[in-house]
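Note that this note's numbering has the sequence shown beginning at 47, numbered continuously upward. The structure appears below as structure tokens.
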Amino acid sequence: MMSREILFTPSQITEKTEELGREITANYSGRPLVLIGVLKGAFMFLADLARAIDLPVEIDFIRVASYGDATTTSGTIRLTKAPEIDLTGKHVLLVEDIVDTGSTLTWLHQYFKEHHAESVCMCALIDKYERRQKDVMVDYSGFRVEKGFLIGYGLDHAEQFRNLPAIYEVLPDE
Ligand code: IMP
Ligand code: MG
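This is how it looks when you write it as structure tokens:
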């Protein structure tokens with residue numbers, strides 16, 4: 047049995063999400079904003095964040111796959127689902143569950159630049175910084191953690207645990 051320890055409760059997540067929503071609302075006022083959720087991990091955070099933003103927004107999704115084992119990204123990224131909204135002249139806010147090495151966000155940033163977005167910013171619920179390899183700017187981040195493998199609230203381990211309402215750290219076996 048895999049043991050786990052709670053890191054962020056549902057009410058801490060709600061409070062943080064509302065804070066981010068207020069900041070985004072203030073910064074994007076008067077500009078066409080498109081929220082792009084990075085599947086699958088960001089689905090739950092995007093649903094809550096979108097409701098905390100008091101602006102007209104468009105919502106779309108992108109999905110990328112990276113080759114690697116269960117707990118690391120390899121850095122080789124390929125697009126498996128493209129967004130469908132025309133992004134020309136729009137301000138894209140990428141919504142991610144967690145940034146680890148930064149490879150995914152670096153790749154996504156380039157993708158949206160090439161697809162003529164007016165600007166591209168990043169919002170990640172969790173900024174996990176110990177293994178960062180790329181110099182990426184997480185413009186809006188909820189929680190900063192140094193390391194550890196996290197599950198819940200969209201985050202999976204081998205496709206399990208995405209539905210947990212809180213975020214947990216997986217503890218190594220004793
Ligand atoms: P990066 O490209 O190394 O920054 O990895 C980002 C992606 O790896 C995230 O979008 C997640 O899908 C996955 N990931 C990284 N750390 C964790 C974790 O602690 N739990 C679950 N998924 C993770
Ligand atoms: Mg992800």
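Even for Gly, the Cβ is constructed at its ideal location relative to N, Cα and C.
Under the three-state DSSP convention, the category residue i falls into
i	result
A128	coil
E192	coil
F54	strand
F107	strand
Q179	coil
D146	coil
K86	coil
Y199	coil
T134	strand
A98	coil
Integer-rounded CB distance, given that residue j should sit under 8 Å from residue i
i	j	result
Y214	I70	Rounded, the Cβ-Cβ distance is 26 Å, inconsistent with contact.
V182	V145	7 Å
D132	G200	Incorrect: roughly 27 Å between the Cβ atoms, too far for contact.
D106	V80	6 Å
L66	C169	6 Å
M48	V216	6 Å
Residue nearest to residue i in terms of C-alpha spacing, selected from the options
i	options	result
R109	T150, L66, F54 and V138	T150
H137	Y175, G76 and G148	G76
A98	F54, E61, Q206 and K180	E61
L154	E205, G83, D202 and A96	G83
Close beta carbons around residue i, own chain, < 7 Å, minus the five adjacent residues each side
i	result
T126	R109, V110 and A111
H162	L133 and T134
Same chain, Cβ closer than 6 Å to residue i, neighbours up to 5 away in sequence not counted
i	result
P56	P211 and A212
D173	V145, V184, S187 and R190
F207	I197 and G198
G135	E164
Beta-bridge partners of residue i, as assigned by DSSP
i	result
L139	L81 and C167
L66	Paired residues: none, contrary to the question.
Q206	H203
Y186	C169
E61	Partner(s): none; E61 has no beta bridge.
K174	V191
E215	E51 and L196
S112	I123
Neighbourhood of residue i by C-beta distance below 8 Å, restricted to the same chain and skipping five residues each side
i	result
L85	F107, I108, R109 and K127
A96	L81, V103 and I105
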